[in-house]
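Using the numbering used here, read the sequence shown as starting at 65 and increasing by one per residue.
What follows is one structure encoded as C-alpha coordinates, with my remarks underneath.
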Amino acid sequence: MPYVNIKITREGATAAQKAELIQGVTKLLVDVLNKTPATTFVVIDEVAMEDWGIGGLPVEAYRQASKRGA
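Dropping the structure here:
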(Lines of atoms letter the chains of each structure in order from A and count residues from 1; the text may use other names and numbers.)
(Lines give C-alpha, C1' and ligand atoms only; values in the text may rest on other atoms or scores of the structure.)
Protein backbone atom coordinates (compact mmCIF):
# COMPACT_ATOMS: atom_id res chain seq x y z
CA MET A 1 0.00 0.00 0.00
CA PRO A 2 2.24 2.83 -1.23
CA TYR A 3 1.68 6.37 -0.05
CA VAL A 4 3.30 9.18 -2.03
CA ASN A 5 3.22 12.78 -0.81
CA ILE A 6 4.02 15.41 -3.44
CA LYS A 7 4.71 18.93 -2.21
CA ILE A 8 4.59 21.80 -4.68
CA THR A 9 4.59 25.54 -4.28
CA ARG A 10 1.17 27.16 -4.61
CA GLU A 11 1.55 28.70 -8.06
CA GLY A 12 -1.66 27.77 -9.79
CA ALA A 13 -1.34 24.09 -10.68
CA THR A 14 -4.66 23.18 -12.25
CA ALA A 15 -6.89 20.28 -11.27
CA ALA A 16 -6.00 18.67 -14.61
CA GLN A 17 -2.27 18.97 -13.90
CA LYS A 18 -2.73 17.48 -10.45
CA ALA A 19 -4.77 14.61 -11.90
CA GLU A 20 -1.95 13.97 -14.39
CA LEU A 21 0.58 13.89 -11.53
CA ILE A 22 -1.57 11.40 -9.63
CA GLN A 23 -1.98 9.20 -12.70
CA GLY A 24 1.71 9.37 -13.57
CA VAL A 25 2.95 8.55 -10.07
CA THR A 26 0.49 5.68 -9.80
CA LYS A 27 1.61 4.31 -13.18
CA LEU A 28 5.26 4.58 -12.12
CA LEU A 29 4.59 2.52 -8.98
CA VAL A 30 2.70 -0.07 -11.02
CA ASP A 31 5.44 -0.28 -13.67
CA VAL A 32 8.47 -0.26 -11.36
CA LEU A 33 7.25 -1.94 -8.19
CA ASN A 34 4.26 -3.90 -9.53
CA LYS A 35 1.93 -2.14 -7.08
CA THR A 36 -1.86 -2.24 -7.31
CA PRO A 37 -3.43 1.10 -8.33
CA ALA A 38 -6.43 0.52 -6.05
CA THR A 39 -4.18 0.56 -2.99
CA THR A 40 -1.80 3.31 -4.12
CA PHE A 41 -2.34 6.68 -2.46
CA VAL A 42 -1.05 9.97 -3.86
CA VAL A 43 -1.49 13.22 -1.94
CA ILE A 44 -0.55 16.63 -3.32
CA ASP A 45 0.13 19.39 -0.80
CA GLU A 46 0.42 22.95 -2.03
CA VAL A 47 2.72 25.10 0.08
CA ALA A 48 2.54 28.89 0.10
CA MET A 49 5.57 30.49 -1.51
CA GLU A 50 6.52 32.25 1.73
CA ASP A 51 6.54 28.90 3.53
CA TRP A 52 9.04 27.22 1.16
CA GLY A 53 12.78 27.76 1.48
CA ILE A 54 15.84 26.64 -0.45
CA GLY A 55 19.44 27.21 0.55
CA GLY A 56 18.46 29.37 3.50
CA LEU A 57 16.26 31.68 1.43
CA PRO A 58 12.54 31.93 0.76
CA VAL A 59 11.89 30.35 -2.64
CA GLU A 60 11.15 33.67 -4.36
CA ALA A 61 14.45 35.18 -3.15
CA TYR A 62 16.27 31.99 -4.15
CA ARG A 63 14.82 32.16 -7.67
CA GLN A 64 15.81 35.80 -8.03
CA ALA A 65 19.36 35.05 -6.87
CA SER A 66 19.54 32.12 -9.29
CA LYS A 67 18.52 34.37 -12.19
CA ARG A 68 21.33 36.77 -11.26
CA GLY A 69 23.80 33.90 -11.10
CA ALA A 70 24.47 34.36 -7.39
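Beta carbons: idealized from backbone N, C-alpha and C, even for Gly.
| Exposure of Thr103, with buried meaning 16 or more beta-carbon neighbours within 10 Å | Position 39 of the sequence shown, counted from the start, is the residue given in the question as residue 103. Answer is exposed; the Cβ neighbour count stays below 16.
| said: Within 8 Å, do at least three Cβ pairs link the segment 96-115 to the segment 67-86? | reply: yes
| message | Output needed for Val89: all residues of its chain with C-beta closer than 6 Å, excluding positions within five of it in sequence on either side, in chain order. | response | Here residue 89 refers to the residue found at position 25 of the sequence shown. Contacts found: Val68, Val106.
| With a CB to CB cut of under 7 Å and the five nearest residues on each side skipped, what residues in its chain are close to Gly117? | Residue mapping note: residue 117 aligns to position 53 of the sequence shown, counting from 1. Correct list, in chain order: Val123.
| Residues that DSSP places opposite Leu121 in a beta bridge | Here the question's residue 121 lines up with position 57 in the sequence shown. In the DSSP assignment, Leu121 forms a beta bridge with Ile118.
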